């Protein structure tokens, strides 16, 4: 270390060149570092998704989910398996241990899924998704019609795919752009059941004929001479016209061949599917988009490219169609605010540091020397950030802001010791050398204590460790660089610019401050002399300081929270509706929320409430969700009671509205406590979760700002018409169970026969009837089924019909049925306090007396905090 200090003093120009190079390299590295809102977080989670159109949650769980769980539970490293089954789709979530090689885990999972067999017809192959930061959209958009344009936004699905999705997906840095809303095209084959019966056909026979009507097979190669030809059969190019000519049966009558074509028994037309949801933005029907980024992408640059492409679309083809594509959310707004805040903090911190140094040093030269440490340390940190593959985000920026006041400490200590030696008569060069040499060890020790504090964060593999790793790197690197500067740059500059030790000779004195400072200095010196002279006194002081620190820590330590929510300008709410409500009925609840919000975006100055910049909702069968943002981001929380009140007043409906968390993607955000009620079956779990739900509501009442939500929803049960065929009646009519089920399906939703390419997209061929005869429940009994002899037999003659209840959602955890109670706390209640109260008053008493295999467990932020 001595040679390093002496070399710095001997070659000051070289030291300045190195400092300048560090700054230049830092600025160059800054141009290559991706800018994001939050750090990249790789969660040890894999998710298997599967769809089975039209299947009930119970069927999809029994036929698919249980098979998947059986195969994946035994995979190495899997700590828990959870499943969520809903109508037509399900997902199985695998959580691995911290430190698991997720690439290897993904390969093993894909191999295990390849062994799954026996999936029902119509179920699509399982898909695997990871759970990383790039899964969260960096921007959301909405396509709406302009005010003076009359257009059905739901018919623009193909237009959206070709005109909007394709160019946006090609923007550098964007991995995927997904769209929601609108209606896909379909070729609808509407059967005339009378004609079907006249020809002696059945629905099953027609469906099988359509499936077998076209095939494309590569049959190898044919060699002729020196040339080789690929042999393949070409599939039929389906259109409504070609579909009409499809032969469903060939008959021989009087030695003549008769073909029964699809046009003989059905009308074939190209139309649109019924949309699965209503989507509205500021009162206008909309198609929504989510923009996902590639890993290690500069979000700012990527979104600049996105905005340019959106502007080009709006000025071109969208303007011609009377459409407007709006960016309703992008991360650059928050990123820009954070960068500006940190920039101002650094400037203010630097100015305050200069003011403090001038106050105590009373000279420009030493102040300027010390201030070099700030830009050199902070900017040099960017080189390490780039080398480690990290990003500039709100966390790393906060670390740099904290470091501004820390990086000058080492330089001040080094410079003060140089001054002390200079004042004692030592030469300038020797004072610079010995001044830095005497203090380098304690300076380094002090810096290492700062770095050691962050080691647990650096090695913590949990998501919270990954989240705050950037702040640890930023502060640690800045402090270490400042140590190097204090023993190289400071002595080098001091030897050149500080020639006179009498630095107080011509200073302006501040009477009160100088008097107090002198008295304080004398007091400290007197204390130091006594402590140094008496060993026992020194030990007593150490003991007193340690004891008082521990006592103060125990008494004043605030309760713990997991993560802050941040000040994101967005509130999000889920709406739970009574059982069995249709999409249209659910729309009424969402519109009640929209009606309250409408004056807040239409009126320029709404009374006492913040002006809404945008409001959206999505309504679907069995539920809805909505969100809003304000022009004044600081008033966003005022919207929570405003949006929740109209829905909560409606009988049987509930609204769960919260401010979106910066770090938590769930509705509960980073302060959501999940209480899992686990048991062997729903019938056993139901009374337990209703009891716990009531107890949680009493401990954390809604009128105190707390919100409670249950998953599956307490209203997640819908009426179901169950048709039970009579085997004897089916046998007498010569109708198979499959024919009977398809006859019901074709009269109601229609049967998906196959998917065909049409106009650059996959279009469904759907078999249905020309008249929907199930407008009422009683009409189910009158649905005709074609018997073996060609006569029409009614469903009521072949089966019994009953009305029963069925769940809309089924959850499983660790192979057991689970109902989750989600508690969102008011910001005044710390997470640790709430967890302690729940454990002592709810979970522990219940688990002690638990019966029938029912048990309570904490998860969510509560479980993360305990880890």
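In the numbering used here, the protein residues as written are 119 to 985. Using N, Cα and C, we set each Cβ at its ideal position, and we do this for glycine too. Keep in mind it's a predicted model, so treat the numbers as computed, not measured.
Considering only heavy atoms of the ligand HEM, does any lie closer than 7 Å to the CB of residue i?
i	result
residue 812	Ligands displayed in this structure: none; no statement on the ligand HEM is therefore possible.
What is the residue span of the beta strand (DSSP E) that residue i lies within?
i	result
residue 167	160-169
residue 978	973-978
residue 242	Looking at the DSSP string, residue 242 is not in any beta strand (DSSP E), and its letter there is neither H nor E.
residue 773	772-777
residue 409	405-411
residue 379	374-379
residue 904	902-904
residue 386	384-390
residue 292	292-298
residue 887	879-887
residue 212	207-214
residue 696	Residue 696 -> no beta strand (DSSP E), and no H or E assigned at all.
residue 865	Looking at the DSSP string, residue 865 is not in any beta strand (DSSP E); the run it does join, the alpha helix (DSSP H), is 855-865.
residue 173	Taken as a continuous stretch (DSSP letters only), residue 173 belongs to no beta strand (DSSP E), as it is neither H nor E.
Spatial neighbours of residue i within its chain, please: C-beta separation below 7 Å, excluding the five flanking residues on both sides.
i	result
residue 520	593
residue 579	216, 217
residue 1006	Outside the modelled stretch of the chain, which goes from 119 to 985, sits residue 1006, for which no answer is possible.
residue 635	none
residue 589	513, 514, 516, 517
residue 276	303, 877, 879
residue 151	500, 503, 504, 509, 510
residue 895	839
Assuming residue i contacts residue j (C-beta within less than 8 Å), just tell me the rounded distance between them.
i	j	result
residue 159	residue 475	Rounded, the Cβ-Cβ distance is 39 Å, inconsistent with contact.
residue 861	residue 901	7 Å
residue 778	residue 686	5 Å
residue 65	residue 747	The structure shown does not extend to residue 65, since the chain is modelled only from 119 through 985, so no value can be given for it.
residue 808	residue 826	Not a contact, Cβ separation roughly 12 Å.
residue 494	residue 616	With 8 Å as the limit, residue 494 and residue 616 do not qualify as a contact, their Cβ atoms being about 19 Å apart.
residue 366	residue 319	7 Å
residue 986	residue 526	The structure shown does not extend to residue 986, since the chain is modelled only from 119 through 985, so no value can be given for it.
residue 791	residue 976	7 Å
Need the endpoints of the alpha helix (DSSP H) that residue i sits in, please.
i	result
residue 553	546-571
residue 530	525-541
residue 128	120-128
residue 419	417-433
residue 259	Residue 259 -> not in any alpha helix (DSSP H); beta strand (DSSP E) instead, spanning 257-263.
residue 741	Note, residue 741: premise wrong, no alpha helix (DSSP H); beta strand (DSSP E) at 741-748.
residue 688	Segment: none, residue 688 is in no alpha helix (DSSP H) and carries neither H nor E.
residue 227	220-231
Give me, in chain order, the residues of the same chain whose beta-carbon lies closer than 8 Å to that of residue i; leave out the 5 immediate sequence neighbours on both sides.
i	result
residue 920	839, 840, 842
residue 927	175, 202, 203, 204, 829, 830, 831, 834
residue 278	261, 297, 300, 405
residue 566	none
Go through its chain and collect everything with a Cβ distance to residue i's Cβ below 6 Å, but skip five positions before and after it.
i	result
residue 147	500, 501, 504
residue 667	none
residue 498	140, 144, 599
residue 968	none
Inset, instruction - Note down, one range per segment and in chain order, each alpha helix (DSSP H) of at least 4 residues found wholly within the stretch 784-848. - result: The stretch 784-848 contains, as complete alpha helix (DSSP H) runs of 4+ residues, the segments 800-817 (chain order).
Inset, instruction - Could you tell me whether the stretch 396-405 touches the stretch 335-348, using the rule of 3 or more Cβ pairs below 8 Å? - result: Remark: fewer than three beta-carbon pairs, one from each stretch, lie closer than 8 Å, so the stretch 396-405 and the stretch 335-348 are not flagged as touching.
Inset, instruction - May I ask you to verify whether the stretch 835-852 touches the stretch 906-914, counting CB pairs closer than 8 Å and requiring at least 3? - result: Short answer: they touch.
Inset, instruction - Spell out a yes or no on whether the stretch 747-760 and the stretch 714-733 are touching, meaning 3 or more CB-CB pairs, one atom from each, closer than 8 Å. - result: Touching, yes.
Inset, instruction - Counting only runs of 4+ residues fully inside the stretch 598-663, write out the alpha helix (DSSP H) ranges in chain order. - result: Annotation note: the stretch 598-663 contains the following uninterrupted alpha helix (DSSP H) runs of length 4 or greater, listed N- to C-terminal: 629-651.
Legend entry - Inter-stretch contact (C-beta, 8 Å, three-pair minimum) for the stretch 168-177 and the stretch 223-234: Short answer: they don't touch.
Legend entry - Sufficient close CB pairs (3 or more, under 8 Å) joining the stretch 367-377 to the stretch 704-711: No: the two stretches stay apart, fewer than three of their Cβ pairs being nearer than 8 Å.
Legend entry - Touching by the beta-carbon criterion (3+ pairs, under 8 Å), the stretch 254-271 and the stretch 375-382: In short, these stretches do not touch, since the Cβ pair count stays below three.
Legend entry - Secondary structure, alpha helix (DSSP H): runs of 4+ residues fully inside the stretch 305-341: Scanning the stretch 305-341 from its first residue to its last, the whole alpha helix (DSSP H) runs of 4-plus residues come out as 311-316, 321-329.
Inset, instruction - Assess, as a yes-or-no matter, whether the stretch 441-453 is touched by the stretch 299-314 under the definition of 3 or more beta carbon pairs within less than 8 Å. - result: The answer is no - the stretch 441-453 does not touch the stretch 299-314, with fewer than three Cβ pairs under 8 Å.
Legend entry - the stretch 869-877 contacting the stretch 934-943, beta-carbon criterion three pairs below 8 Å: At 8 Å Cβ cutoff, the stretches do not touch.
Inset, instruction - Take every Cβ of the stretch 402-421, pair it with every Cβ of the stretch 292-300, and state whether three or more of those distances are shorter than 8 Å. - result: Between the stretch 402-421 and the stretch 292-300 there are three or more inter-stretch CB-CB distances shorter than 8 Å, so the stretches are counted as touching.
Inset, instruction - Would you list, in sequence order, the uninterrupted alpha helix (DSSP H) runs of no fewer than 4 residues that lie entirely inside the stretch 902-946? - result: Qualifying alpha helix (DSSP H) stretches, in chain order: 913-916.
Legend entry - 4 or more residues per run - each alpha helix (DSSP H) lying fully within the stretch 468-500: Within the stretch 468-500, the runs of alpha helix (DSSP H) at least 4 residues long that lie entirely inside it are, in chain order, 482-489.
Inset, instruction - Evaluate the contact criterion for the stretch 644-651 versus the stretch 728-741: three or more CB pairs, one atom per stretch, below 8 Å. - result: They do not touch, by the three-pair rule.
Inset, instruction - Would you check if the stretch 654-663 and the stretch 414-430 touch, i.e. whether three or more CB-CB distances between them fall below 8 Å? - result: Taking 8 Å as the limit for Cβ pairs, the verdict is that the stretch 654-663 does not touch the stretch 414-430.
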